[in-house]
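Student:
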Amino acid sequence: MTPSPETSAAQSLEKDAYQAFDRGDLQEASRLFGKLVEQEPTTAHFHYMLGLSHKYQLDWQESLHHNLRSQQLDEEFDESSAWNAGIAATALGDWAEARRQWTQCGIGIPEGEGPIEGDFGLVSIRLNPWAEGETVFARRIDVVRARLLNVPLPESGHRLFDIVLHDGAKTGERRIEGGVVPVFNGLARLAPSDYRTYVAFVRCDSPADIEDLRNATLPGIGYTEDWTGSISHYCLRCSYGTPHRHDDEATESLDWESERNLGIGSQSKAAVSRLLKEWVSRGPGRHLDGIESPDHEPPKVEHGFTWWRGPDEDAADELDA
């Protein structure tokens, strides 16, 4: 039986909507799924897809609305819709709704009426997955909220101890001493911390010098990281205009690089200056070349590619192709 023109048009519209979503054109996907919802307002999966499209645009109010509508229309419990509704409710600070969604997913949460405060384990968060996608470790205090435990690059627009909203789908794993932890995409910074990132450039003779600095504590100092080996995609000193010389041959022949690039999470530059001044005074061969404190906003969400997909999903698609 040949489908009617109306049926063919509806099928074509649905196909176009899914194709737009699959290529990362979220605005077009939202427009097309919105048309489908207008035509078939009682079809649950159209509301689900419209809510999903709004989720990845960080449009939390619309995402919550359509995920809740999807649940109302679906005869069976849909965990994916509940997770997306829980994420949107958390972003909006609608704690009653978030708690309701996590409870029906069977997730044990601390009793109460306000924000969820607990220990849901150590994870890795990919900050701004639509941009550079730097990954940092974090402690989950909620089903989808986590406190950052690393000092992020200033360009990320994030800080040590920020509270961030993250997605519910694992997009990889990251090794840590004693095992591996899941990687989740960060979606938004919910509560900025007061620990700014300071980039310090120092010189010293041995790993023991850096270990002494990493173990040093002062009021206002949160954490000190040695970025020299881990931040290797560009010359950090050149990017901040700190005087130094490149000597590739010498670097290749030595086990230790005396020029060190540090990330320090601190509440003030005065605390960083004092920390480094005291460190220099405690040992020979220690030098401070500069302290920078650039401040950046998180990069805006970019459309046109599926940044929310994990590498396992992409590999599976390639095998199916």
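One rule links them: number in our numbering = place in the sequence shown (from 1) + 1098.
The beta-carbon is built from N, C-alpha and C at its ideal position, and this holds for glycine as well.
None of the values given here were measured: they were computed from a predicted structure.
Could you check where the alpha helix (DSSP H) with Ser1356 kicks off and where it finishes?
Tutor: Here Ser1356 belongs to no alpha helix (DSSP H), and DSSP marks it neither H nor E.
Student: What would DSSP say about His1394, mapped onto helix, strand or coil?
Tutor: The answer is coil: DSSP assigns His1394 none of H, G, I, E or B.
Student: Would you be able to state if there are at least three C-beta pairs under 8 Å between the stretch 1303-1316 and the stretch 1251-1263?
Tutor: With the cut-off at 8 Å, the stretch 1251-1263 and the stretch 1303-1316 do not touch.
Student: Relative to the C-alpha of Glu1138, which residue among Glu1400, Tyr1116, Ala1108 is closest?
Tutor: Cα-wise, what sits closest to Glu1138 is Ala1108.
Student: To the nearest angstrom, how far is it from the Cα of Arg1422 to the Cα of Gly1388?
Tutor: The requested residue 1422 is not part of the displayed model; the chain covers only 1099 to 1419.
Student: Check whether the Cβ atoms of Gln1159 and Ala1183 lie closer than 8 Å to each other.
Tutor: Not closer than 8 Å, so no.
Student: Hey, quick one: how far does the beta strand (DSSP E) through Gly1184 stretch, first residue to last?
Tutor: Not the beta strand (DSSP E): Gly1184 falls in the alpha helix (DSSP H), residues 1177-1190.
Student: How long is the line joining the alpha carbons of Pro1290 and Ala1368, rounded to whole angstroms?
Tutor: Rounded to the nearest angstrom, the two C-alpha atoms are 20 Å apart.
Student: Measure how close the beta-carbons of Thr1188 and Arg1224 come, nearest whole angstrom, since I'm counting them as under 8 Å.
Tutor: Between Arg1224 and Thr1188 the Cβ distance is about 18 Å, and since that is not below 8 Å, they are no contact.
Student: Should the stretch 1268-1285 be regarded as contacting the stretch 1356-1367, the criterion being three or more beta carbon pairs within less than 8 Å?
Tutor: Cβ pair count under 8 Å is below three, so no.
Student: Measure the C-alpha to C-alpha separation of Gly1216 and Gln1155 and round it to an integer number of angstroms.
Tutor: Taking the straight line joining both Cα atoms gives about 28 Å.
Student: Any idea if Ser1106 is buried or exposed, counting beta-carbon neighbours within 10 angstroms, 16 or more meaning buried?
Tutor: Answer is exposed; the Cβ neighbour count stays below 16.
Student: How big is the Cα-Cα spacing for Leu1145 and Pro1317?
Tutor: In the sequence on display, residue 1145 carries His and not Leu. Near 51 Å, if we compare the C-alpha coordinates of Pro1317 and His1145.
Student: Looking at the secondary structure, which residues open and close the alpha helix (DSSP H) in which Phe1131 lies?
Tutor: Its alpha helix (DSSP H) spans residues 1124-1137.
Student: Could you tell me the alpha carbon to alpha carbon distance between Leu1162 and Glu1275, rounded to whole angstroms?
Tutor: Roughly 38 Å separates the two Cα atoms.
Student: What does the alpha-carbon distance come out to for the pair His1256 and Gln1169?
Tutor: Distance between the alpha carbons of His1256 and Gln1169: 34 Å.
Student: Give the C-beta separation of Phe1299 and Asn1359 to the nearest angstrom, bearing in mind that I take them to be a contact with Cβ-Cβ under 8 Å.
Tutor: Confirmed, Cβ separation roughly 6 Å.
Student: When you compare each of Thr1404, Leu1166, Arg1301, Gln1117 to Lys1375 by their alpha carbons, which one comes out closest?
Tutor: Of Thr1404, Leu1166, Arg1301, Gln1117, the residue nearest in Cα terms is Arg1301.
Student: Going by other Cβ atoms of all chains shown within 10 Å of its Cβ, with 16 needed for buried, is Arg1273 buried or exposed?
Tutor: Exposed, because fewer than 16 other Cβ atoms sit within 10 Å of the Cβ of Arg1273.
Student: Which runs of the beta strand (DSSP E) fall wholly inside the stretch 1265-1317 and span at least 3 residues, in chain order?
Tutor: Complete beta strand (DSSP E) runs here, min 3: 1277-1289, 1294-1301.
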